[in-house]
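Quick note, the sequence shown lines up with residues 36 to 498 if you use the numbering used here. All residues carry an ideal CB built from backbone N, CA and C; glycine is no exception. The structure appears right after this line, and notes come after that.
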Amino acid sequence: MKLSFTLTARLFAAVFSTAMAVALAMGVFSHINLNRDFIGYLNEQGVNRLELARTSVTAGYRENGRSWDFLREKPELWGRLLRPLVPEADMPAVKQGPAELTGATRRFTLFDENHERVAGYAGPVEPTVERPIIVDGLTVGWLALTPIESVSPGAEKHFYDAQLRSAWVVGGAAVLLAGAVAFWISRRLLSPVRRVADATHRLAAGDFEVRVPETRNNDDIASLGRDFNQLALTLQRNEAMRREFLADVSHELRTPLGVLHGELEALEDGVRKLDAQALRSLQGEVGILHKLVDDLHELSMADVGALAYRKSEVDLCQLIDVTAGAFGERLHGSGLRLQLDLPEQPLRVFGDERRLRQLLGNLVENSCRYTDAGGALSISARRSGEHAVIDVQDTSPGVGPEHLPRLFERFFRVDASRSRRGGGSGLGLSICQRIAEAHEGRIEARPSPLGGLWMRVELPVHA
36 MKLSFTLTAR LFAAVFSTAM AVALAMGVFS HINLNRDFIG YLNEQGVNRL ELARTSVTAG
96 YRENGRSWDF LREKPELWGR LLRPLVPEAD MPAVKQGPAE LTGATRRFTL FDENHERVAG
156 YAGPVEPTVE RPIIVDGLTV GWLALTPIES VSPGAEKHFY DAQLRSAWVV GGAAVLLAGA
216 VAFWISRRLL SPVRRVADAT HRLAAGDFEV RVPETRNNDD IASLGRDFNQ LALTLQRNEA
276 MRREFLADVS HELRTPLGVL HGELEALEDG VRKLDAQALR SLQGEVGILH KLVDDLHELS
336 MADVGALAYR KSEVDLCQLI DVTAGAFGER LHGSGLRLQL DLPEQPLRVF GDERRLRQLL
396 GNLVENSCRY TDAGGALSIS ARRSGEHAVI DVQDTSPGVG PEHLPRLFER FFRVDASRSR
456 RGGGSGLGLS ICQRIAEAHE GRIEARPSPL GGLWMRVELP VHA
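The following block contains the structure:
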């Protein structure tokens, strides 16, 4: 059976194993050092005990007539002088300290002021560590320690066993502490992640209003929470736009279909005769439907990146001149004067000539539909840095500043000046925006100084 581990379990295992690896490495290092420096450690303990013994021996010298004769006469007193050096209370974990395990006190030798042996170790003369015994400013003897060169197996094993017991106690405490710390860290770090996971499940179920609490931290988890909230907000907006789009499409289709249905019923009931005028009316409503469906199809193709573009070098000045000429009758019928301001030199871009003509044609058609009769339409082109700039401006009516950012939304109209009946499909400017973006350019709307709308298109210049 395949086991699966949660992120919490994996993080706990990572932190716990790291802590245990560090503890194990420290234990191995300590063990190696203990094996290597054990004899030196014991001799160092013997030197420390030598300092304590000197104090005890000095006191015995003073208490016994300031002479070493008491030790020469009663050698057993030597052991009593050294016995208080190892109180059991000082070593609670190990009942016998290192010096006692190796017989360090039995390697103490007392010499008088003439370096004659008085008591203690009587073995062969070896290099020793000596400390003077000073009474009233006079050196009355010497206390020496003969360093050990080896340890008896029994004593060494006893010491190692004591250290091992201590190591097990410390190791057990370290394991419990490492586990507690690893558990706390994993819970602490992954709590925000679990909140994001729970919110993700709700988001996948269609709850686009779900949000996770944001913090002021700048770490990755806080950034994940902010990104999730931004994603949820974007999905919420897209869902709202989708519903609005469906409502707009149904509304736009309802009007011409309603007219068609009414006229067909009138013809069927004999209220209206089937003559040329009736056919023209029906043809007009069908044309509106056809234009709406074509625009919807073209916009959907642009959204998925499937709109075909055949790019080549295009002279914008020539393109504007040809497009303006094609709209001559349309402008005359709308009662608009055309003003062109084009540079003498070619203004070349790399693009699809048919799509760019469609973009410019939509802008001109927009002005023809909505500009009051007797007004004017101004089209100019120029180069600004690395971009070609096309400005299309018309006269009143204008568009309020609060509506300008929404002009490129699908089916958006400013009802006061842009009526639905004369307003086409409401998708023309959205298509213009997609075409401009496909050419790595942009389009924006501004209030025109002429009193109407100012549409600016910027496209990269072809080198």
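Where I183 sits in the DSSP three-state scheme: coil
Contact between the stretch 434–442 and the stretch 384–399 (3+ Cβ pairs under 8 Å): no
For P167 and E86, the rounded distance between their alpha carbons: 10 Å
Residues of its chain near P482, where Cβ-Cβ distance is below 8 Å and the 5 sequence neighbours each way are ignored: G433, V434, P436, L439, L488, W489
Enclosing beta strand (DSSP E) for T144 [first to last residue]: 143–147
Ranges of the alpha helix (DSSP H) found wholly within the stretch 383–455, counting only runs of at least 4: 388–405
Nearest-angstrom Cα separation, counted from D426 out to G293: 38 Å
Residue span of the beta strand (DSSP E) that contains Q374, given as start and end: 372–376
Proximity of H236 and E348 at Cβ, strictly below 8 Å: no
Neighbour-count burial assignment, Q312, 16 or more Cβ in a 10 Å radius: exposed
Closest Cα partner of I355 within the set A215, S415, M276: S415
Neighbourhood of L112 by C-beta, 7 Å cutoff - its chain only, sequence neighbours within 5 removed: F105, L106
Given 8 Å, three or more beta-carbon pairs between the stretch 209–225 and the stretch 50–57: yes
As assigned by DSSP and simplified to three states, the class of G95: helix
Rounded separation between F182 and G176 - CA only: In the sequence as presented, Phe is not what sits at residue 182; that position holds Pro. Each residue's alpha carbon lies about 19 Å from the other.
Beta-carbon proximity check, Q374 vs S413, cutoff 8 Å: yes
Contacting residues, own chain, Cβ-Cβ under 7 Å from L314 (five flanking each side not counted): none
Buried or exposed (CB count within 10 angstroms, at least 16 for buried), H474: buried
Three-way DSSP call (helix, strand, coil) for E493 in this model: strand
Inter-residue Cα distance where the pair is L327 and F263: 37 Å
Which of helix, strand or coil DSSP assigns to W103: coil
Pick from L334, E108, Y96, L59 that is closest to C467, judged by C-alpha positions: L334
Reduced DSSP category for L178 - H, G, I as helix; E, B as strand; rest coil: strand
Cβ-Cβ distance between F146 and R152 below 8 Å: yes
C-alpha gap between A197 and V204, whole angstroms: 11 Å
C-beta atoms of R477 and L462 nearer than 8 Å: no
Contact the stretch 75–95 vs the stretch 239–257: 3+ CB pairs below 8 Å: no
Residues bridged to Y486 (per DSSP): Looking at the sequence provided, one finds Gly at residue 486 rather than Tyr. Note: G486 sits in a beta bridge opposite T430.
Span separating the alpha-carbon of S431 from that of F362: 20 Å
Cβ pair P495, H422 closer than 8 Å: yes
Spatial neighbours of A157 in its chain, beta-carbon cut-off 8 Å, leaving aside the 5 residues before and after: T144
Which of helix, strand or coil DSSP assigns to L87: helix
Own chain residues within Cβ distance below 7 Å of T93, not counting five before or after: I168, V170
Where S285 falls, given that 16 or more other Cβ within 10 Å makes a residue buried: exposed
Close beta carbons around G260, own chain, < 8 Å, minus the five adjacent residues each side: P227, R230, V231, V247, P248, E249, T250
Length of the line joining the Cα atoms of L117 and S91: 7 Å
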